[in-house]
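A quick write-up on the structure given underneath.
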Amino acid sequence: MSFKTDSGRRLYALIPELFRDRDNHQYDSSGDLLELGHQAAYLDACGVLLDSIRGTLDQRLADCFPDTPVDGGLTCQEWLLPYFANLLGVRLVSSDADSQRQEIANAMAWRKGKGTLAVVHDIVESIGGCESVIQEAWQRLAVTPRIGLLAQPAATVDFRYASRAVQTEAGDPAAMASNFNSEETTYWRQGNPGGVPCFAGSFEDVSRRTVDLRSSNWQQGHIHPRRLLVYMPPPPGFYSHEAGMEWDPALCVENAESGNWEFGDEHGLMKQITSTVTLEAGKTYRFVNVQFCCQINVPQNSRVEMLRSVVRHVVLEHDDCAVPVLKATDCLFRELHATHGLCRLEYCTVMQKLECKHLLASDSIFAGRVEGIEKPSVPLGSKPAFANCIRYSRVPTSLLGNIASRQNCTDLEPLFFSDKFRYPKIETGCGVLHPANSQKICSGAEDGGEMGAYHLKQYCLKNRAVLTKLQDYMPVGMEPVLMPDARLLCEPPVTTDTGNEGE
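One gets the working numbering by counting positions in the sequence shown from 1 and adding 70 to each.
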C-alpha cells in the first residue's frame with residue numbers, strides 16, 4: 071500500500087526523518103509495505119483536501135484557454151467553448167469538443183489567410199481529422215488556345231509517359247508532404263503531369279478535362295472553374311496496426327463491483343484476438359475495444375457485453391428472453407447468432423446475418439439477413455409478454471412485419487467503403503458509410519448523426535462540418551467537393567525516371 075494522494079506524499083517527505091522512522095508502518099515477510107503508519111495515514115487524509123484544492127485551481131487556470139495544451143494537460147470545460155466562440159465571433163460547426171477547440175484556436179489565423187489553399191488544407195485537417203490533397207479545378211480545365219496569346223497547356227495526354235505521384239526529396243520546390251496511412255511523413259510530387267493518369271479520378275490525376283456542368287457530389291461535377299477538389303482518405307474505421315494475440319482465459323479480470331469478467335482498455339489501443347474464443351459457462355463477460363478475428367462461442371448461462379468492438383462471428387447458446395444475452399454498443403459484427411435469446415444492440419452494424427429470437431435495437435444497421443425473430447402471438451386484447459422494438463435503424467423490408475414497435479426505420483440499401491472481414495485483420499474502412507448513402511442513413515440516428523457502429527466517431531458529421539466551415543473561408547461562388555480517395559492510403563513509389571515533366 072502507498073500514498074493515495076500526491077499532497078500527502080509530499081507532506082510526509084517534509085517532516086524530519088526521525089519522525090518518519092518512528093511511524094508504525096506494517097510490512098510483509100518480503101519487506102513490501104502493507105499498511106501506512108498512523109502519521110502517514112493522517113497526512114494522506116489531509117492530502118485529499120489539498121489535492122482537491124490544487125485540482126480546482128489547475129482547472130480554473132485551464133478554463134481561461136480554449137485550445138488544447140501541447141503537453142496534453144488540462145483543457146477547459148466543454149460548456150465554456152460556446153462563450154469563447156461568442157467572444158471571438160466564431161461560428162462553431164463541429165459536433166465534437168476537440169474540433170470546436172481547433173475552430174476557436176485557429177480563428178484569427180484562418181481569417182488572416184481567408185481564401186488561400188493553406189487555410190483550406192488546415193480546416194480539413196483540423197475539423198475533418200484527416201490529411202488531404204487540394205486541387206483547384208480551374209487549373210484542370212481544357213482551354214482552347216487563342217492566336218496572339220500565350221500558349222495553353224496541352225489537354226491531350228502523352229501516351230509515352232505515365233502520370234502519377236512519386237516520392238521526392240524534402241528540398242524539392244514542388245514537394246508536398248503526406249503520411250499515407252503511416253506515422254512517417256512522405257514527400258512526393260506529381261510525376262509526368264502531361265502523361266496518361268495511372269489512377270483516373272484520384273489525387274494523382276491532374277489531366278485536363280472539359281467543363282462538367284452537373285451538380286457536384288463525390289463522383290461528378292468536379293472539373294468546373296468554381297470547384298475546389300478536396301481529396302481525403304477513406305476513414306479507417308476499426309482498422310488497427312496492432313499485432314494480434316492468442317486467446318487466453320487469464321486475460322479476463324474479474325470486476326469486484328459488478329462481478330463481470332472484463333478484458334480491454336476503453337482509452338487504449340484496440341486489442342486483437344486471432345484465435346477462436348470459447349468462454350466459460352456461468353459468467354458475464356465485458357469486452358471493451360477488442361477485435362475478434364475468429365469465432366466467439368458463448369455457452370449456456372453466460373452473457374456478453376461489448377463496447378466499441380469488432381466481431382467476426384459470435385454464437386450465443388443461452389436461451390433467456392427476459393434479460394439480454396448480448397448487450398452491444400458501438401460494435402461491428404459480421405455474423406451474430408443468438409437463436410434462443412434476446413439481443414440488445416445500440417449503434418451497431420451487422421454486415422451479413424443476424425439470428426435471434428427477440429431483438430431490441432436502436433440507431434443500428436442490419437445490412438444482411440435477419441432471421442429467427444418471433445412475432446408475439448397473443449389473443450386479441452391481451453398484452454404480449456415481450457415485444458420486439460427497433461428504432462432509428464436500417465432494417466430489411468422483410469423484417470418490418472415482425473416488429474411490433476418500429477420508429478423512424480428505413481429499408482434503403484446501405485453502402486460501405488468496404489464490407490470485407492479479412493483474416494487476420496479487417497480492411498480499412500470496413501463498415502464505414504460511403505458518401506453515396508442516403509441522408510436517411512447518414513443522418514438517421516436519433517440525435518441526427520449516422521446510424522451504425524461508427525456513430526461515436528462521427529464521420530458523416532465531420533464531413534458536413536468541413537463543408538460548412540469551408541463556405542465561410544472561401545471566395546464567394548466557390549464550392550468545395552469532398553472526394554474519398556483510397557490512393558491516399560498507398561505510399562507513392564520511388565523513381566528516378568524524370569520522364570516528361572512538362573506539358
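Just so you know, even glycine gets a beta-carbon here, dropped at the ideal spot from N, CA and C.
Owing to the predicted nature of the structure, the values given are computational and were not obtained by experimental measurement.
For residue i, is the classification buried or exposed, using 16 other Cβ atoms within 10 angstroms of its Cβ as the cut-off for buried?
| i | result |
| --- | --- |
| Leu299 | buried |
| Tyr529 | buried |
| Asp555 | buried |
| Ser328 | exposed |
| Arg404 | buried |
| Leu558 | buried |
| Asp400 | buried |
| Ser77 | buried |
| Leu430 | buried |
| Ser285 | exposed |
| Phe357 | buried |
| Phe308 | buried |
| Cys413 | buried |
| Gly143 | exposed |
| Ser468 | exposed |
| Asp242 | exposed |
| Ser134 | The question names Ser, yet the displayed sequence has Cys at residue 134. Exposed, since its Cβ has fewer than 16 Cβ neighbours within 10 Å. |
| Val448 | At Val448, the pLDDT of 46 sits below 50, so the modelled position is not reliable; the number obtained from the coordinates is stated separately. Label assigned to Val448: exposed. |
| Ala392 | exposed |
| Glu316 | exposed |
| Ala179 | exposed |
Secondary structure at residue i, three-state DSSP: helix, strand or coil?
| i | result |
| --- | --- |
| Ala235 | strand |
| Ser202 | coil |
| Lys532 | helix |
| Asp76 | helix |
| Thr59 | An answer regarding residue 59 cannot be provided, because it is not within the stretch 71 to 573 covered by the chain. |
| Asp149 | Before going on, a small fix: residue 149 reads as Trp here, not Asp. Helix at Trp149. |
| Lys527 | coil |
| Lys353 | coil |
| Trp632 | A query on residue 632 cannot be resolved here, the shown segment of the chain reaching from 71 to 573 and no further. |
| Arg181 | helix |
| Ser488 | strand |
| Ala408 | strand |
| Arg278 | coil |
| Val140 | coil |
| Ser100 | coil |
| Ser285 | coil |
| Thr214 | coil |
| Ser248 | strand |
| Glu195 | helix |
| Thr186 | coil |
| Gln222 | coil |
| Thr565 | coil |
Which partner residues of residue i appear in the DSSP bridge assignment?
| i | result |
| --- | --- |
| Glu324 | Trp331 |
| Asp228 | Gly265 |
| Gln361 | Gln342 and Val380 |
| Pro554 | Met302 |
| Ile174 | None; Ile174 has no bridge partner. |
| Val368 | Leu386 |
| Cys413 | Leu396 and Leu429 |
| Met315 | Ile343 |
| Leu402 | Val380 and Thr419 |
| Val374 | Tyr355 and Leu396 |
| Thr658 | Lying outside 71 to 573, the shown extent of the chain, residue 658 is not represented and no answer is given. |
| Glu105 | Gln96 |
| Phe308 | Note: Phe308 sits in no beta bridge, so no partner. |
| Phe436 | Val420 |
| Gln477 | Arg461 |
Taking the alpha helix (DSSP H) that residue i belongs to, which residues open and close that run?
| i | result |
| --- | --- |
| Tyr112 | His108 to Ala132 |
| Gln290 | Segment: none, Gln290 is in no alpha helix (DSSP H) and carries neither H nor E. |
| Glu87 | Glu87 to Arg92 |
Counting only beta-carbon separations shorter than 8 angstroms, does residue i have a partner in chain C?
| i | result |
| --- | --- |
| Ala232 | Absent from the structure: chain C. Only one protein chain is present. |
Tell me the residue span of the beta strand (DSSP E) that contains residue i.
| i | result |
| --- | --- |
| Gln422 | Thr419 to Ser432 |
| Val160 | Val160 -> no beta strand (DSSP E), and no H or E assigned at all. |
| Cys459 | Cys459 to Arg461 |
| Glu441 | Arg439 to Glu441 |
TODO: Tell me the start and end of each unbroken beta strand (DSSP E) in the stretch 496-523 that is at least 3 residues and wholly inside, in chain order.
DONE: Complete beta strand (DSSP E) runs here, min 3: none at all.
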